[in-house]
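Numbering-wise, this note's numbering comes out as the position in the sequence shown, counting from 1, plus 29.
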Amino acid sequence: MSHTVTLPDPRGGAGIPGQALQAAAANGDDAVLLAALREALPAGDDAAIRAALGAQPPAAAQRVARVLAAALDARGEGIGLRFFAIPLVIVAGARGPSTVPGVLPEVHVLRGLLEQHGAVGVTRNFGLGNALVSAEALDALSPSALWHAAADPSQRAPLDALQPEPINVAGSREQVHLRFITGAGINPEHLPSFLESASNIGTWGMAMTRELARQLAQPGLEILPMPRPPQPLLTAAHAGRRAQLEAALSLFLGNTLRKFRMAVGDPEAVLSAHRLDSGGGELRLSLSTPLDDSLFEGFVWPLQPQDEVAEVSQLLLSTLAECRVSNVNVLPQVLPERLQGGAVFVAGRMLDGLTKVSAKH
């Protein structure tokens with residue numbers, strides 16, 4: 030179903046005026062951007078590269094991420110080391126608080142599984158780390174260190190610095206967590222890399238889910254680790270966070286709509302865009318009912334630099350339509366981080382005085 034209603038983009042401006050890499054990102058010419066990155070990488074100018082990855086509008090950030098991945102891909106020079114990360118969206122729940130260790134006890138089994146299903150392809154010296162790595166750890170990686178390591182496989186410092194991050198599982202209800210398995214392999218430039226040979230997750234994803242669930246199992250713990258296609262190491266965090274948010278949205282709507290419908294019937298939904306005091310932005314979904322003020326739930330979608338607001342808006346609307354939520358109000362104005370009185374979410378009863386657009390399904 031097509032939805033023409035969309036939320037406004039609540040984020041700030043287009044970055045730091047005059048910053049060379051951001052200017053190259055806005056230029057629209059990939060060759061110009063690649064040349065700027067090839068100056069910044071050997072110079073160790075990680076701050077400028079990270080700033081460019083946060084450029085606005087989203088199309089500029091997307092271009093920087095794509096061209097940076099190409100620049101780091103064995104430096105585009107024949108045979109070389111190519112780094113990757115496999116995002117894991119992990120749905121976990123337990124009868125009481127528990128901790129899932131951040132180390133995979135049998136990572137060699139996962140490596141063999143990928144080889145068995147043809148996902149490794151022509152990649153040689155293929156290896157996986159045994160650490161479950163956080164998105165924040167990937168964000169902190171040095172692009173210039175990865176650039177140097179791509180040409181000299183003995184420089185493993187970038188991957189060695191990635192520490193295991195345990196998963197803390199609350200005992201109240203299921204939650205969606207995000208971790209990554211990192212690795213590397215050697216490929217000739219003209220042959221498919223692991224990113225390409227493993228892109229069809231249908232051939233190996235279910236087998237890896239079963240094996241990860243076995244390795245992470247604990248008494249009283251329900252865990253569903255869902256791998257996503259491998260991504261370039263420096264841009265994997267964005268893909269992983271997107272997959273985590275999509276899974277969290279589905280879990281939120283499934284649980285919340287069940288509660289509403291058992292109590293009072295279908296809720297009223299409000300979609301709103303909020304500019305944060307930091308300059309970032311969020312899209313928020315609230316569910317409420319005029320029949321019971323205590324039934325009021327909300328979901329937050331933090332916007333990453335590469336996120337297109339129109340695309341995320343349509344995802345939210347489509348998901349609500351699939352869940353048969355028909356009463357949806359979309360607020361066309363940008364709201365502050367906190368509303369009058371300190372409220373975070375807009376309940377249906379708060380719509381008086383706010384401009385709204387009804388999205389009918």
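C-beta atoms are modelled at their ideal positions from N, C-alpha and C, and glycine is treated no differently.
Check                                                                                                                           : Outcome
Check whether residue 243 and residue 118 have beta carbons under 9 Å apart                                                     : no
Residue 156 to residue 145 span [Cα, whole Å]                                                                                   : 14 Å
Meets three-Cβ-pair contact criterion under 8 Å: the region 281-294 and the region 321-331                                      : yes
Other residues of its chain near residue 96: CB distance less than 7 Å, five sequence neighbours each side excluded             : 59, 62, 63 and 66
Of the residues 114, 40, 131 and 235, the one placed nearest residue 84, counting alpha carbons only                            : 40
Three-state class that DSSP yields for residue 136 in the structure shown                                                       : helix
Reduced DSSP secondary structure (H/G/I, E/B, other) of residue 320                                                             : coil
Cβ separation of residue 120 and residue 205, assumed to be a contact under 8 Å, to the nearest whole Å                         : 5 Å
Heavy atom of the ligand HEM within 8 Å of residue 298 beta-carbon                                                              : Ligands in the displayed structure: none, and consequently the ligand HEM is not present.
Within 9 Å, strictly: CB atoms of residue 161 and residue 194                                                                   : yes
At least three beta-carbon pairs within less than 8 Å, the region 364-381 to the region 284-299                                 : yes
Span separating the alpha-carbon of residue 108 from that of residue 216                                                        : 5 Å
Environment of residue 260 [buried if 16+ CB atoms lie within 10 Å]                                                             : buried
Limits of the unbroken alpha helix (DSSP H) element including residue 267                                                       : 265-292
Rounded separation between residue 35 and residue 79 - CA only                                                                  : 29 Å
Inter-residue CB distance, residue 226 and residue 111 (contact presumed, cutoff 8 Å)                                           : With 8 Å as the limit, residue 226 and residue 111 do not qualify as a contact, their Cβ atoms being about 11 Å apart.
Limits of the unbroken beta strand (DSSP E) element including residue 197                                                       : 196-198
Segments of 3+ residues assigned as beta strand (DSSP E) that fall wholly inside the region 89-126                              : 109-123
Sequence-distant residues of the same chain with beta carbon closer than 6 Å to residue 89, five excluded per side              : 54 and 55
The beta strand (DSSP E) enclosing residue 330, as first and last residue numbers                                               : 325-331
Nearest-angstrom Cβ-Cβ length linking residue 139 and residue 291, presumed shorter than 8 Å                                    : The pair is not a contact, with the Cβ atoms about 41 Å apart (cut-off 8 Å).
In chain order, each beta strand (DSSP E) run of at least 3 residues that lies wholly inside the region 187-228                 : 196-198 and 204-216
Assigned exposure category for residue 51 - 16 Cβ within 10 Å defines buried                                                    : buried
C-alpha gap between residue 102 and residue 187, whole angstroms                                                                : 15 Å
Per-residue burial, residue 358 [other beta carbons within 10 Å of its own, 16 or more giving buried]                           : buried
Cut-off 8 Å between Cβ atoms - residues of its own chain near residue 158, not counting five sequence neighbours on either side : 136, 188, 191, 210, 211 and 212
Residue 177 in three-state terms, based on DSSP                                                                                 : helix
Close-in-space but distant-in-sequence residues of the same chain around residue 130 (CB under 6 Å, 5 per side omitted)         : 195
Through-space distance from residue 94 to residue 76, alpha-carbon basis                                                        : 15 Å
Where the beta strand (DSSP E) containing residue 302 begins and where it ends                                                  : 297-304
Local conformation of residue 159 per DSSP, three classes                                                                       : coil
Separation of residue 262 from residue 74, as counted between CA atoms                                                          : 18 Å
Buried/exposed call for residue 49, threshold 16 Cβ in 10 Å                                                                     : exposed
CA-to-CA distance, residue 381 to residue 171, given in whole angstroms                                                         : 49 Å
Short Cβ contact (9 Å threshold) for residue 302 with residue 373                                                               : no
Cβ shell of residue 348 (< 8 Å), same chain only, five flanking positions each side left out                                    : 278, 279 and 282
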